[in-house]
Amino acid sequence: YEHGIFEQRIVNGWQVEAPEYWLQFGSPWEIVRPESATIVRLRGRVEHRSDAHGRFQPRWVDCATVIGVPYDIPIVGYGGRTVNMLRLWSSRASAAFDLESFNRGGFEQAVHDKVLSETISKVLYPADETERGRELRLIQQYFFVACTLADILRRYDRTHDTLDALPDKVAIQLNDTHPALAIAELMRILVDERGLDWEPAWELTRAVFAYTNHTLLPEALETWPLAMLGALLPRHLDIIYEINARFLRQVAARWPGDGERQRRMSLIREEEPRAVRMAHLAIVGSHRVNGVADLHSRLIRSHLVPDFAEFAPDQFINVTNGVTPRRWLRACNPALAAAITRRIGDGWITDLDQLRRLERFADDAEFQEEFRAIKRAMNAHLS
16 YEHGIFEQRI VNGWQVEAPE YWLQFGSPWE IVRPESATIV RLRGRVEHRS DAHGRFQPRW
76 VDCATVIGVP YDIPIVGYGG RTVNMLRLWS SRASAAFDLE SFNRGGFEQA VHDKVLSETI
136 SKVLYPADET ERGRELRLIQ QYFFVACTLA DILRRYDRTH DTLDALPDKV AIQLNDTHPA
196 LAIAELMRIL VDERGLDWEP AWELTRAVFA YTNHTLLPEA LETWPLAMLG ALLPRHLDII
256 YEINARFLRQ VAARWPGDGE RQRRMSLIRE EEPRAVRMAH LAIVGSHRVN GVADLHSRLI
316 RSHLVPDFAE FAPDQFINVT NGVTPRRWLR ACNPALAAAI TRRIGDGWIT DLDQLRRLER
376 FADDAEFQEE FRAIKRAMNA HLS
């Protein structure tokens, strides 16, 4: 994101957010990869047609396009011998400058598409109080999903002639519902572009995706209005409808005549304004759903989506969130890290469980005083 998330300033004791111009002077860590740029389609319409054999072959046509340009940043692990790449995406206009408009005196219109396209990756999570803000946020979510999936499949295709091994080589974790459109996008690619029938495409899709839920309030779960989603991503809305229809047939077979349960479990909220329930899409399209703490995971099953947990209890698991001691202790608080290392060695840096060895120093007066002194010094440093 060109302006990061935000730069935090404390003014008169209050937080004030400002744009973070982290790319103002460029970044020595960034490596641009224009050869891997990806075209992302938006808007347009869907032509529903069949081929000579009667096979349904929809086409997404008359689309607007933007280009996703990847940038790689090397990530070096602690004590590691390899380097992983964090791939970032920047949005670019497919046609940056309209010379004809410029020559007619339409100077603003000449760069209109460029400005709109590059807005996508300006700021993370643009404000969604307005219709245009919500639309930009939806476009942003899809842009990163489309770029990343195209990139994943491009890498996979280098060493594989078929898609059979996709779930063995690719695992995609949906961190909350913001990237849940990836389920519909992968289905679109597999069915429309790769020519798979629906059932094998759906089997591959569910095997690839897993979903992490962070939200326990039903009213806070993300939804997108059908009208907006249909205008921006008409083919994806078609796919979501089909996913929903097939899923609700399974629900009806399990609980015949229970229309209220079908209404609760539907991917579509039928109350006005009608909307797609992104958490339901993420659950139905994933082979695993997890919370981030034991209590949280139990509440997901018992309070947030009990119908889904009853429908597929083995799908729901717990994966407790953790933090890295290398960043949040060794790097952030070197004095405390040194005090710990003097007593139990440095094995805790890569094995956090070794911190249990500190228990024998719980009543050590010298360690207690040193610990309190470090805390006081760090609090003073923060303030």
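Take 16 as the starting number for the sequence shown in the working numbering and just add one per residue. Ideal Cβ placement from N, Cα and C applies to all residues, glycine included. The structure presented is a predicted model; accordingly, all values stated were derived computationally and were not measured.
- Here Glu384 is exposed, its C-beta having fewer than 16 other C-beta atoms within 10 Å.
- Of the residues Asn336, Asp176, Lys129 and Ala197, the one whose Cα lies closest to the Cα of His229 is Asn336.
- For Thr220, the uninterrupted alpha helix (DSSP H) segment begins and ends at Trp213 to Val223.
- Residue pairing by DSSP puts Glu62 in a beta bridge opposite Arg74.
- Assignment of beta-bridge partners to Pro89 by DSSP yields Met100.
- In terms of Cα proximity to Leu131, the closest of Gly148, Thr356 and Phe376 is Gly148.
- Only residues of its own chain outside the window of five on either side were considered, and among them Gln277 and Met280 have a CB closer than 6 Å to the CB of Val266, listed in chain order.
- Residue pairing by DSSP places Gly19 in no beta bridge whatsoever.
- Around the C-beta of Thr163, 16 or more other C-beta atoms lie within 10 Å, and the residue is accordingly described as buried.
- Per the C-alpha coordinates, the member of Glu237, Ile25 and Ile364 positioned closest to Leu397 is Ile25.
- For Gly306, the pairing in a beta bridge is given by DSSP as Asn333.
- Our two residues, Glu200 and Ala161, have alpha carbons roughly 7 Å apart in a direct line.
- Boundaries of the beta strand (DSSP E) around Ala290: Ala290 to Arg292.
- By the criterion of a C-beta distance shorter than 6 Å, Phe323 is surrounded in its chain by Ile298, once the five residues flanking it on both sides are discounted.
- For Asn259, the enclosing alpha helix (DSSP H) stretches over residues Pro249 to Arg269.
- The Cβ-Cβ distance between Val81 and Pro49 does not fall below 9 Å.
- Collapsing the DSSP output to three states places Pro141 in coil.
- The three-state reading of DSSP puts Leu351 in helix, counting H, G and I together.
- The beta-bridge partner set that DSSP reports for Ile187 consists of Phe224.
- Excluding its 5 nearest sequence neighbours in each direction, Ile254 has C-beta neighbours in its own chain below 7 Å: Ala199, Met202 and Arg203, listed in chain order.
- Per DSSP, Glu32 is one residue of the beta strand (DSSP E) stretching across Trp29 to Ala33.
- Within the same chain, Gly83, Cys162 and Ala165 come within 6 Å of Thr53 by CB-CB distance, once the 5 residues on both sides are set aside.
- DSSP places Pro240 in the uninterrupted beta strand (DSSP E) bounded by Thr238 to Pro240.
- In this structure, the CA atom of Gln156 is about 11 Å from the CA atom of Pro141.
- Apart from the 5 residues on each side of it in sequence, Arg372 sits with its Cβ closer than 6 Å to the Cβ of Ile359 in its chain, given in chain order.
- About 5 Å separates the beta carbon of Leu139 from that of Tyr16, a gap short enough to meet the 8 Å contact definition.
- For Val55, the enclosing beta strand (DSSP E) starts and ends at Thr53 to Leu57.
- Counting other Cβ atoms within 10 Å of its Cβ, Asn99 stays below 16 and is therefore classed as exposed.
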